[in-house]
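Residue numbers (UniProt numbering): 1 to 161.
Every residue, glycine too, gets a C-beta built ideally from N, C-alpha and C.
Right under this line is the structure:
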């Protein structure tokens, strides 16, 4: 995992800063997510029924499961900001579920820095254009604009910014 300094972040706008490792979305993961969210729709948790009654030929991951994997994708694929003391999710401006993730598929995230703004003495707000790819598929599982907050010690704020 490579590192990036706070001072370098603004110059990286428009660049892909990271690409995660592949994550397998198997039926066990889908079932655990269904239990956690109380969403047991058959297209997610009943392989035999989904094979017959859905247009997908089997079960698919919940869209929100795919979205929730962004945290793991971020951790495995994004550079560590050297001065960061804590990172927080701020939210999403736009999320689109483009293609279903079939059980057993592998997904990975790609992160392009689209905006960043220093706020106050110790915070950097970043926005990433995120794409979650499905291995061997042409269309992504999802696209989103993800906003995160990077907390740092005020003494580490770059001069002149």
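* **Spatial distance of residue 38 from residue 46 (CA atoms)** => Your numbering for residue 38 matches position 38 in the chain shown. Your numbering for residue 46 matches position 46 in the chain shown. Using only the alpha carbons, I get a separation of about 14 angstroms.
* **residue 107 and residue 66 closer than 8 angstroms at C-beta** => Along the chain shown, read from residue 1 onward, the residue named residue 107 stands at position 107. Along the chain shown, read from residue 1 onward, the residue named residue 66 stands at position 66. Taking 8 angstroms as the Cβ cut-off, residue 107 and residue 66 qualify as a contacting pair.
* Asked: Considering residue 77, what are the terminal residues of the alpha helix (DSSP H) in which it resides?
  -> By one-based count along the chain shown, residue 77 stands at place 77. Its alpha helix (DSSP H) spans residues 70 to 77.
* Asked: Excluding five sequence neighbours on each side, which residues of the same chain lie with their C-beta closer than 6 angstroms to the C-beta of residue 18?
  -> Looking up residue 18 in the chain shown gives position 18. Excluding residues within five positions, the ones whose Cβ falls inside 6 angstroms are 77, 78, 111.
* Whole runs of the alpha helix (DSSP H) within the region 89 to 118, excluding any shorter than 4 residues -> Counting whole runs of 4 or more residues, the region 89 to 118 contains no alpha helix (DSSP H) stretch at all.
* Is it buried or exposed for residue 90, if we count other Cβ within 10 angstroms and need 16 for buried? -> Position 90 of the chain shown, counted from the start, is the residue given in the question as residue 90. The residue is exposed, with fewer than 16 neighbouring Cβ atoms inside 10 Å.
* Local conformation of residue 150 per DSSP, three classes -> In the chain shown, residue 150 corresponds to position 150, counting from 1. Residue 150 carries a strand assignment under DSSP once its states are collapsed to helix, strand and coil.
* Asked: Looking only at C-alpha atoms, which of 42, 52, 131, 55 sits nearest to residue 73?
  -> Stepping through the chain shown from its first residue, residue 73 is reached at position 73. For residue 73, the nearest C-alpha among the options comes from 131.
* **Same chain only: Cβ atoms within 7 angstroms of residue 156, ignoring 5 sequence neighbours per side** => Here the question's residue 156 lines up with position 156 in the chain shown. Residues 6, 83 of the same chain have their beta carbon placed closer than 7 angstroms to that of residue 156, with the five preceding and five following residues left out of the count.
* Contact test: residue 105 Cβ vs the ligand ATP heavy atom, cutoff 7 angstroms -> Inclusion of the ligand ATP in the displayed structure is not the case, the ligand content being empty and no account of it being possible.
* Check residue 41 in the structure and name its three-state DSSP category. => Position 41 of the chain shown, counting from 1, holds the residue named residue 41. Under the three-state reduction of DSSP, residue 41 is assigned to coil, being neither helix nor strand.
* Please state if the CB of residue 60 and the CB of residue 43 are separated by a distance shorter than 8 angstroms. => Start at 1 with the first residue of the chain shown, and residue 43 comes out as number 43. Start at 1 with the first residue of the chain shown, and residue 60 comes out as number 60. For the pair residue 43 and residue 60, the CB atoms are nearer than the 8 angstroms cut-off.
* Going by alpha carbons, who is nearest to residue 99 out of 140, 114, 125, 69? -> Residue mapping note: residue 99 aligns to position 99 of the chain shown, counting from 1. Looking at the Cα atoms, 140 is the closest of the given residues.
* Asked: Should residue 52 and residue 101 be called a contact, given that it needs their Cβ atoms to be closer than 8 angstroms?
  -> For the purposes of this step, residue 52 is taken as the residue at position 52 of the chain shown. For the purposes of this step, residue 101 is taken as the residue at position 101 of the chain shown. No.
* Under the three-state reduction of DSSP, which class applies to residue 81: helix, strand or coil? -> Taking the first residue of the chain shown as position 1, residue 81 is located at position 81. In the structure shown, the three-state DSSP call for residue 81 is strand.
* To do: Look up residue 129 in the DSSP assignment and say whether it is helix, strand or coil.
  => As a working note, residue 129 is residue 129 in the chain shown. Under the three-state reduction of DSSP output, residue 129 falls in the strand class.
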